[in-house]
Amino acid sequence: MTTKITILCQIIDNLGDAGVTLRLARQWLHQRPSDSIEIYTDNIQPFLILSDLPVLSNSDQSFLNTDCSIHLLEKCKIFLKKEPNTIDDWGDIVIEMFGTPISHIWKSLLAHRTPKVQWVNLEYLSAEKWVEDFHGYYSIDPESKWQQLFFFPGFSNKTGGLLGPENNTNLINNAPPNNSQRLNIFVFAYDFEPLKKWLSFFEYTRKPITFHVSGNFESTLKDTSLVQKTPFVPQTEFDTLLQGFDYLLVRGEDSFVRAQLSGKPFIWQIYPTNDKTHWDKLEAFYSLYASDLPEPIRSLWQQVWFFWNGKQNINTNCLNKALAYNDTLTAHALNWKQKILPECTLIQRLHKALGLF
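If you're matching positions, the sequence shown starts at 16 in my numbering and goes up one per residue.
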């Protein structure tokens, strides 16, 4: 049986929101190849970048505001518009990515469409304990009386789980060991200010280390032998790319999960919020992730994480001190990967919740 899925994605965290949405679509179609997916977004460029497609000019984007669509992958189209045009354009399942709103008029119409339209709010990934209490619950929209499923990704079997490895699973942790004395650190960041401070420190100490920076940084980072530019790769090649490095400095949500599945020591730069609630989310994950790390490594590695996220009054030397425990951090990263692999069944859990078998 063919099911049509409508995904709504309002872009806030540029590549993060698009990355999770695109990976969800690809893994959904891998599990159910007879289905079809249409993505509606207010910013199409991140999807094109992640799919290794040419970005669009402003005039091209205006053209897409009509009924034009772009095929991201087989049986998946993307539209640069907020919502479908007609009642028949909506799918059998509607997924709001991260609370992307549906207009009230469409809620009322879809609530009474036959056959029934299922409505899912797929939220951001979090290790906070309250997620387990709210995952899988339904809410009734007071105006339309349409029932909405709240689906929370997470790190336990009481949550929606994680988007796991894809076709290149066999490449994960099959990279040759680094037999040189130089550490290679991958960097994908929102803000390079912490990195600037580390560069000054490691230039002074002459530490054998190279930061491989992905993305545009020429105007931000000074010319130094400690920095090399790493080409941006399509999302499907990202897991393989990460295997070439000893440490990973990543940002957002999609790269955050890929770093964990790499089995490499990593530092997460969380998307900052104006109300500072991102600190609670960061600390909740670190507490879970680092629970098996012995002291003083746990506290020291936390300082590195906090420094990377812009926390004040942390000594720049924190990363240098932490690297002295390289063997312990590497073993811990591999153990953590094995611990979360059983939770990498988000698509299967979502299908079960929706009654798709």
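Virtual Cβ for every residue (Gly too), placed ideally from N, Cα, C.
| Item | Value |
| --- | --- |
| Boundaries of the alpha helix (DSSP H) in which Asn29 is found, first to last residue | Asn29 to Gln46 |
| Within 8 Å, strictly: CB atoms of Leu241 and Phe201 | no |
| Delimiting residues of the beta strand (DSSP E) encompassing Lys92 | Cys91 to Phe94 |
| Cross-strand partners of Trp134 (DSSP beta bridge) | Val109 and Gln163 |
| Coarse secondary structure for Cys24, derived from DSSP in three states | strand |
| Close Cβ partners of Arg333 (< 6 Å) along its chain, the five nearest in sequence each way excluded | One point to set straight first is that residue 333 is Cys, not Arg, in the sequence displayed. Within the same chain, Cys333 has close Cβ partners Gln318, Val319 and Phe322. |
| Thr56 to Leu30 span [Cα, whole Å] | 13 Å |
| Continuous beta strand (DSSP E) stretch holding His227: start and end | Ile224 to Ser229 |
| Residues sharing a beta bridge with Gln243, DSSP | His227 |
| Coarse secondary structure for Gln258, derived from DSSP in three states | coil |
| Local Cβ density within 10 Å of Phe227, reported as buried at 16 or more and exposed below that | One detail in the question is off: residue 227 reads as His in this sequence, not Phe. Flag for His227 reads buried. |
| Limits of the beta strand (DSSP E) - the one that Glu53 falls within | Ser51 to Thr56 |
| Exposure label - Gln353; buried when at least 16 CB within 10 Å | exposed |
| Span of the beta strand (DSSP E) around Gln284 | Phe281 to Gln284 |
| Cα-Cα separation, Thr255 to Arg266 | 17 Å |
| Inter-residue Cα distance where the pair is Ala142 and Phe300 | 5 Å |
| Reduced DSSP secondary structure (H/G/I, E/B, other) of Tyr304 | helix |
| Residue closest to Leu178, alpha-carbon to alpha-carbon, out of His45, Thr331, His347 and Leu369 | His45 |
| Exposure of Asp107, with buried meaning 16 or more beta-carbon neighbours within 10 Å | buried |
| Outcome for Ser72 when other beta-carbon atoms lying within 10 angstroms are tallied against a minimum of 16 | exposed |
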